[in-house]
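Below: one structure, written as structure tokens.
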Amino acid sequence: MGVERLFDIPGHQLERYPQEVAIATKENGTWRSYSTHELIDTAERLALGLMALGVGPGDRVAIASGNRSEWCLVDQAVLRIGAIGVPIYPTSSAEDYAYVLEHSGSKVLFAANEEIHAKGDQARASCPALEHLFTFDRVEGARHWSDVPEMGREEDRPTLKGYQDQVERGDLATIIYTSGTTGRPKGVMLTHDNILSNVVGSMTRFPVDANARCISFLPLSHIYERMLMYLYLYAGVSIHFQESLDDLGDRIREVEPDVFTAVPRLLEKIYDRIVGKG
């Protein structure tokens, strides 16, 4: 199939090199994985649930989380509606959360854990557009992300298909905000084509083949790892998401990845930990 929009990528993987483990995250000591088919099915059901909550084309949906499978699944659901994904750094201050949510006009926030949920809840007073807040972890008194697919209506599938058919390469896909270290976070508007052109262009230099394994650790809130996530899916690479630096070394030994993208500062931290243990 042709890949014209970012949400076409999982279908491309299913057609070319379907994976038993397309994406995976370790939860409470056990790997929770999704096959390519499960990834697509879950994203579709999430999209239907978001539609039942009133999310439509052009609406903003924020994700504030470290790297985990839920990030990828919600992102794919948002893109399928023609809505706009707004990633937020998990480490951002409560003030920056309020600013990004208000500035972007986000209608829904998916928060990783209790701490981020509290920041989102606090921001609601200044964010009139923010109607729904869900968490990836189980948090007392909060709605869990797994509730969203249950809200979807099968009779809305034709409408969802219509939304997908209307999305074009030049349409806005995401607004990525800077970390805010030099003032107010600034939103960068990127289209499907902005990111897809990098994905396709990178394939000629990509060092591994389909069925390889990778670890995704650098923040998905940054365009570098975000683009790589799509590249891995496009290339048929099994993605193992990792949130914490604390057990990154253990995870590398366990997964034995064929590819692991990093920046110099991360490599320095890994080296320091190895030396410290020695």
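Residue numbering for the sequence shown follows the numbering used here, starting at 3 and increasing by one per position. Quick reminder that beta carbons are idealized off the backbone N, C-alpha and C, glycines included. Small disclaimer: the values here were computed from a predicted structure and weren't measured.
By the beta-carbon neighbour count (other beta carbons within 10 angstroms, threshold 16), alanine 100 is buried. Annotation: the continuous alpha helix (DSSP H) that includes methionine 153 extends over 149-153. Within the DSSP bridge table, the entry for leucine 8 names no partner. Ranked by how close their Cα comes to the Cα of histidine 105, the residues Arg171, Arg126, Tyr36 have Arg126 in first place. The Cβ atoms of methionine 153 and alanine 45 lie no closer than 8 Å to each other. Annotation for cysteine 74: the continuous alpha helix (DSSP H) segment containing it runs 71-83.
For methionine 205, no beta strand (DSSP E) run applies, since DSSP gives it neither H nor E.
The straight-line gap separating the alpha-carbon atoms of arginine 155 and isoleucine 276 is approximately 51 Å. For cysteine 216, the pairing in a beta bridge is given by DSSP as Ile241, Val261. Residue pairing for isoleucine 86: DSSP places it in a beta bridge opposite Arg62. As the crow flies, the alpha-carbon of alanine 24 is around 36 Å from that of arginine 186. Between alanine 175 and leucine 192, the gap from beta carbon to beta carbon is short of 8 Å.
If only complete runs of 3 or more residues are kept, the segment 112-150 shows the beta strand (DSSP E) at 134-137, in order along the chain.
Of the candidates Glu256, Leu50, His224, Glu6, the residue whose Cα lies closest to the Cα of glycine 31 is Glu256.
DSSP lists Tyr179 as the beta-bridge partner residues of glycine 189. Residue pairing by DSSP puts leucine 174 in a beta bridge opposite Thr193. Where threonine 32 is concerned, the enclosing beta strand (DSSP E) starts and stops at 32-36. Beta-bridge annotation (DSSP): isoleucine 25 is paired with Tyr36, Ile241.
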